[in-house]
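Novice:
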Amino acid sequence: MPITTARTLGDFMEASWGRSESLEGIGAVVGAVAEGARMVQRQVQAAALAGVLGATGETNVQGEAVQKLDAAGSDIFVETLIGAENVAAVGSEELENPVIGGSGASRRYVVQMDPVDGSSNIDVAVTIGSIFGIWRRPPGDPVTGAVLLRPGRDQAAACYVVYGSSTMLVVAAPGGVDGFTLDPESGEFLLTHPGIRIPGKCEYYSTNEGNFGKLDAPAQEAVSRLRRSHSLRYVGSLVADFHRNLLKGGIFLYPGDVRSPEGKLRLMYEANPLSYVAEQAGGAAYSATQRILDIQPERLHQRTPLILGNRAEVEQTVSIIRGG
Ligand code: P6P
Numbered sequence: 172m173p174i175t176t177a178r179t180l181g182d183f184m185e186a187s188w189g190r191s192e193s194l195e196g197i198g199a200v201v202g203a204v205a206e207g208a209r210m211v212q213r214q215v216q217a218a219a220l221a222g223v224l225g226a227t228g229e230t231n232v233q234g235e236a237v238q239k240l241d242a243a244g245s246d247i248f249v250e251t252l253i254g255a256e257n258v259a260a261v262g263s264e265e266l267e268n269p270v271i272g273g274s275g276a277s278r279r280y281v282v283q284m285d286p287v288d289g290s291s292n293i294d295v296a297v298t299i300g301s302i303f304g305i306w307r308r309p310p311g312d313p314v315t316g317a318v319l320l321r322p323g324r325d326q327a328a329a330c331y332v333v334y335g336s337s338t339m340l341v342v343a344a345p346g347g348v349d350g351f352t353l354d355p356e357s358g359e360f361l362l363t364h365p366g367i368r369i370p371g372k373c374e375y376y377s378t379n380e381g382n383f384g385k386l387d388a389p390a391q392e393a394v395s396r397l398r399r400s401h402s403l404r405y406v407g408s409l410v411a412d413f414h415r416n417l418l419k420g421g422i423f424l425y426p427g428d429v430r431s432p433e434g435k436l437r438l439m440y441e442a443n444p445l446s447y448v449a450e451q452a453g454g455a456a457y458s459a460t461q462r463i464l465d466i467q468p469e470r471l472h473q474r475t476p477l478i479l480g481n482r483a484e485v486e487q488t489v490s491i492i493r494g495g
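Position in the sequence shown (first residue = 1) + 171 = the numbering used here.
1) Spatial neighbours of Ala344 within its chain, please: C-beta separation below 6 Å, excluding the five flanking residues on both sides.
2) How is the beta strand (DSSP E) around Val258 delimited, first residue to last?
3) Hey, Gln233 and Ile293: beta-carbon distance below 8 Å or not?
4) Would you give the residue range spanned by the alpha helix (DSSP H) that Thr251 belongs to?
5) With respect to 7 Å, is the separation between the Cβ of Lys385 and the closest non-hydrogen atom of the ligand P6P below this value?
6) Among the candidates Asn382, Asp349 and Tyr376, whose CA atom is the shortest distance from the CA of Arg178?
7) Return yes when the C-beta of Leu409 is under 7 Å from any heavy atom of the ligand P6P, and no when it is not.
8) Measuring only from the beta carbon, is Asp294 closer than 7 Å to any heavy atom that is part of the ligand P6P?
9) With a 10 Å radius around its C-beta and 16 neighbouring C-beta atoms as the bar for buried, classify Asn268 as buried or exposed.
10) Using a 10 Å radius around the Cβ and a threshold of 16 neighbouring Cβ atoms, would you call Gly323 buried or exposed?
11) Indicate whether Gln214 and Ala203 have their beta-carbon atoms separated by less than 8 Å.
12) At a cut-off of 7 Å, would you count Asn379 as near the ligand P6P, judging by its Cβ distance to the nearest heavy atom?
13) What three-state label does DSSP hand Val406 in the structure shown?
14) Per DSSP, what are the beta-bridge partners of Met339 in this structure?
15) With a threshold of 7 Å, establish whether the CB of Leu397 neighbours any heavy atom of the ligand P6P.
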């Protein structure tokens with residue numbers, strides 16, 4: 172029986188956070204994410220028809236080719252988030268510097284985002300996503316430097332959107348993790364996955380086996396161990412791989428290697444938000460040397476190795492990688 176009478180995102184947020192002083196105004200931030208996700212989803216579904224396939228010919232701050240959807244997605248979410256009136260700044264994978272919304276007292280939050288993660292997969296109609304970390308801005312703090320580079324453990328909430336066979340918005344806050352599915356008819360995000368907890372049994376491992384030869388011996392041992400007892404599932408979109416592992420039980424690992432000792436994935440707007448979601452769902456996330464959420468950032472676009480998912484599997488894998 173299709174779920175058509177589920178609670179809307181707006182009703183859920185009012186009921187869950189409406190009277191919370193510490194989360195005052197955060198509903199407008201998540202609402203802005205949802206508004207932008209509806210627009211990005213329409214472009215993702217239209218793809219070639221919307222003229223968003225392929226690259227723009229530009230290179231971003233990461234040194235990567237900017238896909239047309241990367242630029243469109245970043246513009247969409249910057250507009251909806253800064254327009255939310257209570258966002259002081261937005262950092263984006265696509266922008267060298269954050270966009271400053273203002274320093275008024277009502278601008279209580281700072282958002283770090285990967286607006287379109289895995290965008291090269293859109294050319295082949297494979298699942299992609301958007302990732303958001305939301306930090307509360309201490310009242311009166313200037314919107315510069317330190318307020319933009321806070322550890323992941325200070326996040327007030329985090330969320331991601333997965334544009335797949337369905338479009339889902341997954342939101343993590345102090346009360347837990349909840350999933351909302353976009354109803355194409357109404358345009359509403361409806362609560363379909365309340366109280367998400369990562370399963371105790373780890374079914375899958377997700378890593379780029381093509382990098383195996385670049386890993387050091389302990390990391391190779393960790394991957395070989397997973398290979399012997401788990402099924403490999405690797406989409407090449409972090410959000411898609413993480414979302415499956417969150418719902419079905421799994422571990423994602425992108426360790427540092429001889430080519431990139433710091434790993435590939437970005438701390439502020441990929442590792443931090445998804446690590447917050449994972450921990451709120453009973454999972455864990457490490458860089459191999461430390462808990463992701465404890466890392467004190469130094470640069471907006473810094474990278475980190477990332478081992479993320481089912482707590483017991485992550486802790487055992489990290490122990491092996493550390494040579495424990
Ligand atoms: P590789 C996509 O480009 C991305 O940033 C993540 O979404 C994904 O997990 C990773 O890179 C894939 O990297 O080196 O396996 O292609």
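Even for Gly, the Cβ is constructed at its ideal location relative to N, Cα and C.
Specialist: A quick look at the data gives this:
1) Ala328
2) Val258 to Ser263
3) no
4) Lys239 to Ile253
5) no
6) Asp349
7) yes
8) no
9) exposed
10) buried
11) no
12) yes
13) coil
14) Val333 and Thr352
15) no
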